[in-house]
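Residue numbers (my numbering), protein chains in the order written: chain A, 445 to 560; chain B, 2 to 118.
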């Protein structure tokens, strides 16, 4: 079974600075997706960024980028120019690309605080 | 489109009672998912529908849990004979593979929080 580990329960960063959230995963599969989801307080979870395992290039979405290290099974999220609206729980998630497998496996999350 | 809608948002019940949650997905989405999230944990997969067919169920979904998606539109999650361990946030999400292209993005609702006394 796949597992996702987020070893940082809480992180804080000064507004406008850069922060990196860590995620490692365990799988025997070679074809899969990785995601970072953001869950603001009392609001729905939304997708921040996704990475397809067969793509070597790291995904980027505006201020958000990932460092995907497939051999090390590591998938960190970098947030540049942090803003107050970035304060949220961040969850790393894994999904196998095997046919019929629709399950997302989430980590335990990292609570990110932005310091004004 | 107003996104994924879940009702009720909060439910407090006594142990042993039955509860039902409803999820209305984004209208053109054919895939619907239920997850459970307990305090300090990430969401855990419960079950998945493609249209009206329930295609995957987690071991977490004991025989006290049942989910339906009649006509492939809204879905209900019923918990019978609730236990204190059922207290959690129940999240619904939907997605679409329109045109054969699936981005992997799930669109979540705000969740239904269950408290069992």
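Glycine included, each C-beta is placed from N, C-alpha and C at the ideal position.
Short of 8 Å in beta carbon distance, which residues of its chain neighbour residue i, apart from the five on each side in sequence? Order them along the chain.
i: residue 451 of chain A; result: 466 and 468
i: residue 12 of chain B; result: 20, 22, 113, 114, 115 and 116
i: residue 457 of chain A; result: 463, 523, 526, 556, 557, 558 and 559
i: residue 545 of chain A; result: 539
Give me the residue from the options with the minimum Cα distance to residue i.
i: residue 498 of chain A; options: A:531, A:540, A:470 and A:459; result: A:540
i: residue 475 of chain A; options: A:553, A:552 and A:538; result: A:538
i: residue 61 of chain B; options: B:73, B:75 and B:80; result: B:80
i: residue 453 of chain A; options: B:41, B:31 and B:17; result: B:41
i: residue 486 of chain A; options: A:547, A:531, A:536 and A:546; result: A:531
i: residue 25 of chain B; options: B:17, B:63, B:35 and B:16; result: B:35
i: residue 6 of chain B; options: B:38, B:85, B:118 and B:77; result: B:77
i: residue 72 of chain B; options: B:3, B:31, B:16 and B:9; result: B:31
i: residue 543 of chain A; options: B:37, B:108, B:56 and B:86; result: B:56
i: residue 87 of chain B; options: B:50, B:33 and B:64; result: B:64
i: residue 506 of chain A; options: A:500, A:517, A:557 and A:493; result: A:493
i: residue 49 of chain B; options: B:106, B:93, B:105 and B:39; result: B:93
i: residue 91 of chain B; options: B:4, B:109, B:15 and B:58; result: B:109
i: residue 52 of chain B; options: B:4, B:118 and B:98; result: B:98
i: residue 447 of chain A; options: A:556, A:501, A:471 and A:557; result: A:471
i: residue 38 of chain B; options: A:445, A:552, A:455 and A:557; result: A:552
Name the DSSP beta bridge partners of residue i, please?
i: residue 511 of chain A; result: A:520
i: residue 557 of chain A; result: A:456
i: residue 407 of chain A; result: A query on residue 407 of chain A cannot be resolved here, the shown segment of chain A reaching from 445 to 560 and no further.
i: residue 8 of chain B; result: B:23
i: residue 532 of chain A; result: A:556
i: residue 505 of chain A; result: A:508
Taking 9 Å as the threshold (C-beta atoms), are residue j and residue i in contact?
i: residue 483 of chain A; j: residue 489 of chain A; result: yes
i: residue 9 of chain B; j: residue 550 of chain A; result: no
i: residue 514 of chain A; j: residue 46 of chain B; result: no
i: residue 473 of chain A; j: residue 525 of chain A; result: no
i: residue 74 of chain B; j: residue 27 of chain B; result: no
i: residue 491 of chain A; j: residue 106 of chain B; result: yes
i: residue 533 of chain A; j: residue 554 of chain A; result: yes
i: residue 4 of chain B; j: residue 82 of chain B; result: no
With a CB to CB cut of under 7 Å and the five nearest residues on each side skipped, what residues in its chain are close to residue i?
i: residue 560 of chain A; result: 459 and 528
i: residue 519 of chain A; result: 467, 469, 478, 495, 510, 512 and 536
i: residue 111 of chain B; result: 7 and 10
i: residue 89 of chain B; result: 37, 38, 39 and 115
i: residue 84 of chain B; result: 16 and 117
Closer than 6 Å by C-beta to residue i: which residues in its own chain qualify, once you throw out the five before and the five after it? Chain order, please.
i: residue 522 of chain A; result: 464 and 509
i: residue 118 of chain B; result: 15
i: residue 517 of chain A; result: 468 and 469
**OP:** Go through the region 467-491 of chain A residue by residue and report every complete run of the beta strand (DSSP E) that reaches 3 residues or more, in order.
**Re:** 468-470 and 476-483
Subject >> 3 or more residues per run - each beta strand (DSSP E) lying fully within the region 74-107 of chain B >> reply: 76-80 and 89-96
Original post:
Which runs of the beta strand (DSSP E) spanning at least 3 residues fall entirely within the region 35-80 of chain B, listed in chain order?
Top reply: 45-51, 54-58, 66-69 and 76-80
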